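Contents: one structure, followed by commentary.
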Amino acid sequence: MIVLPTFDFPQLEDGHEPLTLRQQQQQPPRGELVNLVHVLPFGLAIQQRALLTARLLMEERQKPSRRHEDPNAAGASDGEDDSEGDGDGSGEYGRGGGGSFQQQQSYASRRKKFVKLTEEDLQVDWYEILGLEQSGGATDEQIRTAYRRRCLETHPDKQKDRSDAAFKKVQRALDILGDPETRLTYDSSRPFDDTIPAETLPTGADFYAIFGPVFERNKRWSTDPSLPSIGNDKTSLEEVNRFYDRWVRFQSWRDFSHMVELDEIDDSMCREEKRYYMRENERQLNCLRREEQQRLRTLVERARKNDPRLRRKREEDEAKRQREQKEREDRRRQAREEGERRRAEEMERERQKREEEKRKITDTKNAIRQAKDDLIVFLEEHGLLDETATNKLLRHAVRRPNIGWIFSKINTAEEAAGVVSEVKNKDTTRRATSTKSGTSSNVASRTTDESEEDTEVEAVICFNELVEEKERQIGLTRYGEAVKARPEPKPQEAKKKTVPESVNKHAKEWDEEDLTRLQKATAKFPPGTVERWSKIAEQLRGKFTEEEAMQKVNEITAGLHRSGGQTGVASAKQPTSAVEGNGATAAAAPSAGGANSQVASVEDWTVKQQKMLELGLRDLKDYKEKDKFQKIAAMVDGKNARECFERFKYLCAMNKRK
19 MIVLPTFDFP
29 QLEDGHEPLT
39 LRQQQQQPPR
49 GELVNLVHVL
59 PFGLAIQQRA
69 LLTARLLMEE
79 RQKPSRRHED
89 PNAAGASDGE
99 DDSEGDGDGS
109 GEYGRGGGGS
119 FQQQQSYASR
129 RKKFVKLTEE
139 DLQVDWYEIL
149 GLEQSGGATD
159 EQIRTAYRRR
169 CLETHPDKQK
179 DRSDAAFKKV
189 QRALDILGDP
199 ETRLTYDSSR
209 PFDDTIPAET
219 LPTGADFYAI
229 FGPVFERNKR
239 WSTDPSLPSI
249 GNDKTSLEEV
259 NRFYDRWVRF
269 QSWRDFSHMV
279 ELDEIDDSMC
289 REEKRYYMRE
299 NERQLNCLRR
309 EEQQRLRTLV
319 ERARKNDPRL
329 RRKREEDEAK
339 RQREQKERED
349 RRRQAREEGE
359 RRRAEEMERE
369 RQKREEEKRK
379 ITDTKNAIRQ
389 AKDDLIVFLE
399 EHGLLDETAT
409 NKLLRHAVRR
419 PNIGWIFSKI
429 NTAEEAAGVV
439 SEVKNKDTTR
449 RATSTKSGTS
459 SNVASRTTDE
469 SEEDTEVEAV
479 ICFNELVEEK
489 ERQIGLTRYG
499 EAVKARPEPK
509 PQEAKKKTVP
519 ESVNKHAKEW
529 DEEDLTRLQK
539 ATAKFPPGTV
549 ERWSKIAEQL
559 RGKFTEEEAM
569 QKVNEITAGL
579 HRSGGQTGVA
589 SAKQPTSAVE
599 GNGATAAAAP
609 SAGGANSQVA
619 SVEDWTVKQQ
629 KMLELGLRDL
639 KDYKEKDKFQ
649 KIAAMVDGKN
659 ARECFERFKY
669 LCAMNKRK
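Final position of the sequence shown in my numbering is 676; the numbers increase by one with none missing.
Here you go:
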């Protein structure tokens, strides 16, 4: 029996103000609970209720050792006592309490045992036993207030049959809901619809009516009570994105210990054993937690996929992307077409330019060809054209190969017309050979046919001068040799020009050995060889200069023409005094005339004729008939079959000597 402190209650009358009754000083109180009592003027019933409330509070403070017959209730009461002992409010549960989700997880991790609820506990709605309508959203203070109220209502002293069944249920409800971990397990084990909508909604389905309740239903597991709702069709896109961003980072406090068989951890176990069972239990729970997180992620992904607001945004973005892509393609196509058009115009301009250049080249060639034909006709009319197929320059006639050579080196129609005009403007009458200084020494030195009429034609001399000028311009002679600059004659040497070098008393003498070397050198380096005379001079061992070697070859060649085919080497081997006395090389013996004539004929080949011979030999290399060289001669200008054959044997002999 609990003895309350003694109080003096004065007579209360209706209409008086409430009186404050203080404890008498001479009687010290036996408890610490009642220090001040407010008495309201409502009668004796109010006073009795106040006394009963004070008695119940005293019982809680004194922690009676009385326990219920249910063994689970004893463990729950211990948990209740532990939660009451924490003065910082860490025993408060869930979203409505002062403790955070991290604190609850830390508290649960320190527990040595996993909470186990019986099947009967899971089938009873303990919130309904306490008369709570908020269910899982009730705070710890609300649960204790409801517990006190239900204790007063279900106390056995208030029951007619003195039954304590309802009172025990209230006590059990406090044991389960008063402990944060037990309550978390109980709330997690209550029936819940884990289903989520299908990935694809039926046509015409209401997205908000299907997904809205699902999100609201799953919101209860969130550690963040301020999770946004799905909204409606008028919700701004910014809020929609914020909704999905918050749900993607969803943190659940849901406990799955009731769904697996967890091993009990007893205090009698050693530390290693306790850790082993704790790891095994945690592994099973983590597996279920991952499945829960995957379920929530799937829900968010399906909602994001079927959300008409995001779908409209995706369609707008896709339309914008398609529009931008089309614009880019149009710009690229326009740029490509513009580039193709420009290239086509450029190609057309280049084609027209090429055609114009080709036309100009053709016109130029036709004009040059026409000028050449006019010059040939002019020379034929005046009997100044020589059909000999050599490039020798004569004073009384123009050989056809020289005409072809000079016009082949002309590149403009004006120049070709100028050549024809200069030649036509000169006199075409024959006259005796003049020894004036105006006559070119080169032309005079190359005049080899002295058996002809000793005449000259001014038009022919003009043509020869044009040929020599063209040789100096291009740097090559008609035979393909480099043109060497002639030193300007000194005043004292001008008088000696009319004196032949062959009668010079100070000229070097050619012995038989020198003439043999000269013959071999001219055969080794035929006309057309680059730096021919410098190489011939080297073969003479530096005894004679290039000019002296060239002069000697010209003398021998001139002697062959004058003697009608005698050997130049044999005649050159005669004493030098005879040369000085006669002014020319003496005639050789008639018996050696045939061989020497053959040597001169073999060497008297132009570069063009040599190329024609090589082309004919290459084209008819497989031809085995007797008329082979007749066919080759038909391809070489100015040469017959015998000359082609002798040239062929000469080249073969030279090749063997090499």
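Glycine included, C-beta positions come from ideal geometry on N, C-alpha and C. Since this is a predicted model, take the numbers as computed values, not measurements.
To the nearest whole angstrom, what separates the beta carbons of L536 and L558, a pair I think is in contact under 8 Å? Between L536 and L558 a beta carbon distance of about 7 Å is seen, short of the 8 Å cut, so the two are scored as contacting.
Using only alpha-carbon positions, find the residue among R675, T241 and V485 that is nearest to K538. Of the listed residues, the one whose Cα sits closest to K538 is R675.
C-alpha distance - N236 paired with W271, whole-angstrom precision: 11 Å
What whole-angstrom Cβ distance do I421 and I394 have, given they're in contact under 8 Å? 6 Å
Start and end of the alpha helix (DSSP H) containing T382? Segment P326 to E399, the alpha helix (DSSP H) holding T382.
So does the segment 175-193 actually touch the segment 133-147, counting three or more Cβ pairs closer than 8 Å? yes
Below 7 Å CB to CB, which residues in the same chain sit around Q388 once its five sequence neighbours on both sides are set aside? none
So V478 is in the alpha helix (DSSP H); what residue range does that whole segment cover? Taken as a continuous stretch (DSSP letters only), the alpha helix (DSSP H) holding V478 covers E476 to I492.
Other residues of its chain near P215: CB distance less than 7 Å, five sequence neighbours each side excluded: I228, F229, V232 and R320
Please say whether N429 and R496 have beta carbons closer to each other than 9 Å? no
With C-beta atoms as the reference, is E310 less than 9 Å away from W239? Cβ distance < 9 Å, so E310 and W239 count as in contact.
Please list the terminal residues of the continuous alpha helix (DSSP H) segment that includes R448. In the DSSP assignment, R448 falls outside any alpha helix (DSSP H) and lies within the beta strand (DSSP E) extending over R448 to A450.
What are the boundary residues of the alpha helix (DSSP H) that includes R162? D158 to T172
Grouping DSSP H, G and I as helix and E and B as strand, with all else coil, what is T71? helix
Secondary structure of V654, DSSP reduced to three states: coil
Would K644 and L638 qualify as a contact pair, given that the criterion is a beta-carbon distance under 9 Å? Contact: no.
Using the C-alpha atoms, what's the distance from W265 back to F274? 21 Å
Could you tell me which residues DSSP pairs with L403 in its beta bridges? V416
On the premise that I161 lies in contact with L140, defined as a C-beta separation below 8 Å, what is that separation, rounded to the nearest angstrom? That pair is no contact at about 18 Å.
Which class does A223 belong to by DSSP, given the choice of helix, strand or coil? coil
Is the distance from the Cβ of L306 to the Cβ of M277 below 9 Å? yes
Am I right that I479 and K427 are in contact with their C-beta atoms under 8 Å? What's the rounded C-beta distance? Going by Cβ atoms, the distance from I479 to K427 rounds to 19 Å, so no, they are not a contact pair.
Thinking C-alpha only, which one of I650, R359, E530 and R448 is nearest K629? When C-alpha distances from K629 are compared across I650, R359, E530 and R448, the shortest belongs to I650.
What would DSSP say about R181, mapped onto helix, strand or coil? The sequence given here has Ser at residue 181, not Arg. Looking at S181 - three-state DSSP - the assignment turns out to be coil, as it is neither helix nor strand.
If distances are taken between C-alpha atoms only, which option among A659, Q648, G634 and R346 comes closest to V620? A659
Only counting the same chain, and skipping five residues up and downstream in sequence, which positions put a Cβ closer than 7 Å to that of K444? Taking C-beta separations shorter than 7 Å and ignoring five residues to either side along the sequence, the partners of K444 in its chain run E476, A477 and C480, following chain order.
Kindly indicate which three-state DSSP category S458 falls into: helix, strand or coil? For S458, the predicted structure reports a pLDDT of 40, less than 50, and the residue's modelled location is therefore unreliable. A value from the coordinates is still provided. Reduced to three states, the DSSP call for S458 is coil.
Which listed residue (E366, R180 and F185) has its alpha carbon closest to that of A164: F185
contact_flag[the segment 392-407, the segment 431-447] where n(CB pairs < 8 Å) is 3 or more: yes
Determine the burial state of K626: buried for a count of at least 16 other Cβ atoms within 10 Å of its Cβ, exposed for fewer. buried
For R341, is the classification buried or exposed, using 16 other Cβ atoms within 10 angstroms of its Cβ as the cut-off for buried? exposed
Have a look at R332 and Q343 and give me their C-alpha separation to the nearest angstrom. Roughly 16 Å separates the two Cα atoms.
Minimum C-alpha distance to N384 - residue among R550, E358, A183 and E432: E432
Considering R264, what are the terminal residues of the alpha helix (DSSP H) in which it resides? L255 to V266 is the span of the alpha helix (DSSP H), which, as asked, contains R264.
So, at 6 Å on beta carbons, what are the nonlocal neighbours of L317 in its own chain, with the 5 sequence-adjacent residues on each side left out? Here the set comprises I214.
For the alpha helix (DSSP H) that F274 lies in, which residues bound it at each end? No alpha helix (DSSP H) holds F274; DSSP gives it neither H nor E.
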